[in-house]
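Right, one structure below, let's go through it.
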Amino acid sequence: MTEDEVKMGTTVYVPHSSCRDFRWMGDYEAVYRESVKDPEKFWENIASELEWDKKWDKVLEWDYPDSRWFSGAKLNITKNCLDRHVNSSKKNKVALIWKGDDGCERLYTYRQLHREVMRFANGLKNLGVRKGDRVCFYMPFVPEHIVAILACARIGAVHTIVYAGFGSESLHQRILDSQAKIVITADVSIRRGKRIDLKSLVDDAIVNAPSVERVVVFRRTQPEIELYAEMEIDYYDLIKDESNICEPEEMDAEDPLFILYTSGTTGKPKGILHTCGGYMVGTYYTCRYIFDIKDSDVYWCTADPGWITGHSYVVYGPLAAGATVMFSETTPDYPDLGVWWEIVEDFGVTIMYTAPTAIRMFMKYGEEWPNRYNLESLRILGSVGEPLNPEAFEWFYRVIGKGKLPIVDTWWQTETGMHMITTIPGDPMKPGFAGRPVPGIIADVVDKDGKSLEPGISGKLVIRSPWPSMMRGVWNDRSRYEKYWNDVPGCYTTGDMAVKDKDGYIMITGRSDDIIIMSGHNIGSAEVESALVENEAVAEAAVIGVPDSLKGNVIKAYVILKEGFEASEKLENELKYHVRMTLGPISMPSEIKFVQSLPKTRSGKIMRRVLRAVETGADPGDLSTIED
Ligand code: WTA
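Quick note: this note's numbering has the sequence shown finishing at residue 629, numbered continuously throughout.
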């Protein structure tokens with residue numbers, strides 16, 4: 002495959018013909034046409050497959066840039082994820098299969114999960130949690146995490162999950178912004194056999210966070226850590242006397258379901274708000290249409306619930322679709338590089354959804370590892386988080402998919418809630434291209450005025466009309482919500498750059514702002530910069546992403562030291578450690594360069610794009626505003 006072919010979208014992989022019956026609603030072109038001809042009818046038909054306590058008065062009320070979906074409708078998302086299946090032949094179907102870092106296994110049927118969720122929901126109620134209250138999670142990837150998420154939704158509490166790889170300062174900021182009443186955590190998370198203390202990070206994070214009333218602690222290790230009884234309670238003590246019946250709170254379709262923080266271009270993270278009805282419809286729809294989840298599937302998404310992928314495609318979407326959901330605490334390389342493929346073989350995984358960075362890591366270690374296992378159960382492969390580069394696509398297709406399976410490279414965002422651009426299983430795939438907009442979504446590549454660009458010309462990726470699972474706001478920050486809709490007239494701006502080909506396939510080429518996508522995680526340059534300047538040695542800092550063959554990008558920081566401080570390896574390590582402790586290991590720069598000055602505009606803004614150009618040898622663009 003030449004680079005030009007990839008660029009023009011002329012290299013096409015057609016999955017094996019047996020994949021062609023992967024259709025729930027019908028062929029892409031026909032479904033897409035219908036969906037844009039009458040979007041409200043399209044979404045209404047999907048919503049009608051789910052259970053509502055009361056149906057909507059109106060499918061969509063669109064008051065740019067605000068949308069209300071299924072207004073007047075009443076529901077509880079957990080009724081669709083649990084009760085609906087418990088009241089069907091799926092009652093004793095396995096809902097969750099979990100494999101721990103140490104190899105242990107746990108299974109929950111829909112009936113068992115339903116009861117555990119209701120029990121924990123009663124426990125939360127007993128702590129005084131009510132509809133609308135915020136509950137913050139800082140949990141390892143264990144079944145108790147999923148139970149507690151669903152328990153919040155059961156009683157109408159708003160969960161805000163913080164990935165356990167963030168540091169205490171990041172957790173503190175999110176607790177403050179969301180005004181969380183309860184924090185749910187564990188003593189430790191376990192990675193590669195090592196225990197990582199979570200509880201003491203929570204202890205630090207709740208200092209000067211007066212909204213927090215109680216901390217629930219899942220204690221996994223012996224001897225049990227001591228709890229401070231006035232404030233802290235053990236996860237299982239909380240529910241030991243609780244009934245396993247808890248009627249679901251009746252929620253309005255537009256009531257908040259959760260807040261999930263994502264990096265912004267300023268130092269402060271943005272609390273992306275999702276609501277109950279539309280989010281349920283969007284995640285259910287895409288699980289059925291993009292993943293083609295069927296009753297017999299064993300579906301495995303490798304994401305952690307701390308990210309939107311975990312929310313939409315570990316918890317809500319697949320459970321609403323009644324799937325058997327595999328999830329695992331294991332890292333792909335521990336105890337050895339075969340562990341993920343062993344899971345596929347052992348549990349007969351049929352659909353596997355993972356990230357390009359994991360695929361590239363496997364590529365590095367060779368085909369022997371996956372080749373030791375029987376991967377014949379697989380029928381659909383998926384990728385998310387960053388562009389799936391053609392080399393990684395080819396490897397995934399050939400080595401894991403044995404040259405037969407469809408790969409769905411799904412482009413979407415925390416803000417979109419659900420898949421927006423992808424290739425439907427069974428349709429021709431173009432390596433390097435995510436694919437076409439999913440039915441119901443009008444995506445386009447445009448110039449700054451919103452004018453559609455010709456194939457082959459790179460521009461801003463936008464969405465032209467509302468969809469049910471779109472974010473409804475940024476918590477406590479109206480203007481940041483409006484910014485998504487102000488940049489290009491009439492459109493939702495994604496912040497990504499893209500290019501279309503002649504068939505309408507879209508290739509994502511990178512971010513247009515100062516967000517770094519590293520191993521599929523969003524990291525805001527400004528957030529890392531402000532952590533650096535907190536250090537007494539640092540006068541100024543600029544942070545950029547530098548292309549990396551494994552992680553997509555790595556973080557590089559340029560630092561100007563204050564008078565009296567000298568550059569040294571020791572200081573570099575100290576600064577890295579400082580970022581690690583405040584923001585967490587995922588935000589740690591891999592390199593720090595000490596410099597005397599930084600490129601700035603005349604108004605004093607650091608021009609990160611100039612640094613990026615210096616780093617990659619690219620054209621720095623317009624330099625007319627540069628001061629020096
Ligand atoms: C990037 C993750 C290329 C993109 C679901 C987007 C992708 C950001 C893809 C959102 C993909 C996600 N191809 N880029 N298939 N999927 N991205 O909010 O830059 O964590 O804007 O949501 O990840 O990241 P977020």
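All C-beta atoms in this analysis are idealised placements derived from N, C-alpha and C, irrespective of residue type, glycine included.
Taking 8 angstroms as the upper bound for CB-CB distance, Phe71 and Ala254 are in contact here, some 4 angstroms apart. In this structure, the ligand WTA has a non-hydrogen atom nearer than 7 angstroms to the beta-carbon of Asn523. Counting only residues of its own chain and dropping the five nearest sequence neighbours on each side, Gly525 has a CB closer than 8 angstroms to the CB of Ser264, Gly265, Thr266, Thr267, Gly268, Pro270, Asp515, Ile516 and Ile517. Distance check between Gly436 and each of Thr423, Gly427 and Tyr335 places Thr423 closest, using alpha-carbon atoms only.
Per DSSP, the continuous alpha helix (DSSP H) segment holding Cys288 begins and ends at Cys277 to Tyr290. Checking the DSSP bridge columns, you'll see Trp301 partnered with Met327 and Met353. Here the stretch 68-88 lies against the stretch 238-256, with 3 or more beta-carbon pairs under 8 angstroms apart.
With the rule of 3 Cβ pairs closer than 8 angstroms, the stretch 172-191 counts as touching the stretch 124-135.
Close CB contacts of Gly441 within its chain, under the 7 angstroms cut and outside five residues either way in sequence, are with Ser36, Pro40, Phe43, Trp44 and Trp468 (chain order).
Per DSSP, Ser480 is one residue of the alpha helix (DSSP H) stretching across Arg479 to Asn487. When DSSP states are grouped into helix, strand and coil, Ile156 belongs to the helix group. In this structure the stretch 487-500 does not lie against the stretch 374-382, because fewer than three pairs of beta carbons, one per stretch, are closer than 8 angstroms.
Put simply, of Leu76, Glu369 and Ser313 the residue whose alpha carbon is nearest the alpha carbon of Ile162 is Ser313.
Sequence-distant partners of Trp63 (beyond 5 residues in either direction) whose C-beta falls short of 7 angstroms from its own C-beta, in its chain, are Pro467. For Ala435, the shortest separation between its Cβ and any heavy atom of the ligand WTA lies below 7 angstroms. Thr12 counts as buried, since no fewer than 16 other beta carbons sit within 10 angstroms of its beta carbon. Look at Asp204 here: in three-state DSSP terms it is helix. A residue is called buried once 16 or more other Cβ atoms fall within 10 Å of its Cβ, and Pro548, having fewer, is exposed. DSSP, reduced to helix, strand and coil, places Asp84 within a helical segment of the structure shown. Arg473 and Lys75 have their C-alpha atoms roughly 17 angstroms apart. Val163 sits in coil when the DSSP states are folded into three classes, being neither helix nor strand. The residue from Glu483, Glu535 and Asn554 with its alpha-carbon nearest to that of Thr510 is Asn554. A contact is defined here as three or more CB-CB pairs under 8 angstroms, and the stretch 479-491 fails this definition with respect to the stretch 279-293. Taking 7 angstroms as the cut-off, the C-beta of Val315 does not count as close to any heavy atom of the ligand WTA.
One thing to note: Val409 has its Cβ no nearer than 8 angstroms to the Cβ of Ile458. Runs of the beta strand (DSSP E) lying entirely within the stretch 19-84, each at least 3 residues long, are 59-64 and 67-72 in chain order. Gly272 sits away from Tyr280, with the two beta carbons spaced by 8 angstroms or more. A heavy atom of the ligand WTA is found nearer than 7 angstroms to the CB of Asp410.
Each of Pro590, Leu61 and Cys82 was checked against the Cα of Leu576, and the nearest Cα belongs to Pro590. Taking all protein chains in view, the Cβ of Cys105 is surrounded by fewer than 16 other Cβ atoms within 10 Å, so the residue is classified as exposed. In this structure, the alpha-carbon of Asp58 lies about 45 angstroms from that of Leu584. In this structure, the alpha-carbon of Val475 lies about 20 angstroms from that of Arg512.
Within the same chain, Cβ atoms closer than 7 angstroms to the Cβ of Phe595 are found at Val560, Leu562 and Ala568, the five residues on either side in sequence being excluded. Note on Gly383: 16 or more other CB atoms within 10 angstroms of its CB, so buried under the neighbour-count rule. Between the stretch 111-128 and the stretch 153-173 there are three or more inter-stretch CB-CB distances shorter than 8 angstroms, so the stretches are counted as touching. A distance below 6 angstroms between beta-carbons, with the five flanking residues on each side excluded, links Ala158 to the following residues of its chain, in chain order: Val130, Asp134 and Val136.
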